[in-house]
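Protein chains in written order, with our numbering: chain A, 29 to 184; chain B, 29 to 184. Backbone N, C-alpha and C fix where the C-beta goes; we use that ideal spot for every residue, glycine too. All values reported here derive from a predicted model rather than from experimental measurement. Below you'll find the structure, written out as structure tokens, and then a few comments.
Protein chains: 2
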Amino acid sequence: MRETADETEQRCSIARSLEVLGQKWSLLIVREAALRSRTRFAEFRAELGIAPDVLTDRLARLVDAGILERRKYREAGEREREEYVLTGAGGALLPVLAAINAWGDEYRPSSFGPAAIYTERETGAPVRLAFVDDDGRELDRDDVVVIPGPSFIGAA
Amino acid sequence: MRETADETEQRCSIARSLEVLGQKWSLLIVREAALRSRTRFAEFRAELGIAPDVLTDRLARLVDAGILERRKYREAGEREREEYVLTGAGGALLPVLAAINAWGDEYRPSSFGPAAIYTERETGAPVRLAFVDDDGRELDRDDVVVIPGPSFIGAA
DNA sequence: GCGCCTGAGTTGGAATTACCAAGCTAGCAG
DNA sequence: CTGCTAGCTTGGTAATTCCAACTCAGGCGC
């Protein structure tokens, strides 16, 4: 996404989020980190087939954005190397991945069936994303409306 | 996103979704359509400041993907023109927008406060996205784990 | 020490994509 | 039959991405 969005765009948190997440490869890197526990340069590269210069750039941006943290690791008899692990902010992207995943399962189905299933840790029971009210009661998607908040500027 | 993702990538519905949603501007166009009821070429162009050739391309792809529908409209004393309205599949992207919105509000805050608030249609009560189990009970995000589904290929 | 291996990157050049200003086209009003 | 407007094209430039090749640092076998 362009780096210097204008001011009204900056007021939208979707636009601000997409500055980092909307770049090519960014969300796929987060997917690898969050869903498949990848941490290393070579793993991301091999799984995604991404060019190394682009991967370097994206990892740096994700670290800058606080989504990944760069750490040292050392395997037995090896030298110190770098790895990239999800931060709290990175883990908080799980609903984003789940929402995209659910939409794709429904509206861009493949013949293969789902590649990822969201479950409850203890019971293994399936879990899905839904809109809920303050009391935790589930709502139908059609009953949700979006209204402009305090920082919204522009015509309705 | 590259058009010809390899086969293992094609098995992932996140990757398939991002083929259309991951391109620059696509999600912002959906945001304008879903949250602000924009329908016209000139509206998207004015709101987003997007180049017209890119907008032409993105609208065509979103129509192809079944997210927008191209329709004729005619205002009094005007000639017939085109507009782009959300389909059911397009409306089903609301959780994706909400998830990105919520993440941005929390992890990329601005000094302006939120620009969009998700509410219940009838009561106007605030609404949020959450993971729920089959009985509609809300779960903590940390209690959700993702396991490989039937189509998953690759090392854990 | 010397070369070799491996993971994590650079570097250089071609190809794709986006940006910007300008122009085009249908139909309707006057 | 001129102007106006929404919805696009076109042409040239700038920015991104792709790809292959190369570097760099440390540990290991010899």
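Item: Interface partners of Pro154/B on chain A, CB under 8 Å; Value: Asp161 and Asp162
Item: Length at least 4, wholly inside the region 56 to 139 of chain A: the alpha helix (DSSP H) runs in chain order; Value: 69 to 76, 80 to 92, 116 to 119 and 122 to 135
Item: Buried/exposed call for Tyr146/B, threshold 16 Cβ in 10 Å; Value: buried
Item: Per-residue burial, Arg44/A [other beta carbons within 10 Å of its own, 16 or more giving buried]; Value: buried
Item: Three-state secondary structure (DSSP) of Ser45/A; Value: helix
Item: Listed by chain order, chain A residues near Gly105/B by CB distance under 8 Å; Value: Those do not exist, as Gly105/B stays about 22 Å from chain A at its closest Cβ, beyond 8 Å.
Item: C-beta neighbour in chain B for Asp81/A, strict 7 Å; Value: no
Item: Backbone CA spacing between Glu134/A and Val155/A [nearest angstrom]; Value: 15 Å
Item: Cross-strand partners of Glu148/B (DSSP beta bridge); Value: Val172/A
Item: Closer than 7 Å to chain B by CB, Asp85/A; Value: no
Item: Candidates Ala126/A, Arg64/A and Pro137/A, of which the one nearest Leu114/A by Cα; Value: Arg64/A
Item: Close-in-space but distant-in-sequence residues of the same chain around Arg98/B (CB under 7 Å, 5 per side omitted); Value: Val91, Glu110 and Tyr112
Item: Extent of the continuous alpha helix (DSSP H) run through Gln38/B; Value: Glu35 to Gln38
Item: First through last residue of the beta strand (DSSP E) which encompasses Asp161/A; Value: Val155 to Asp161
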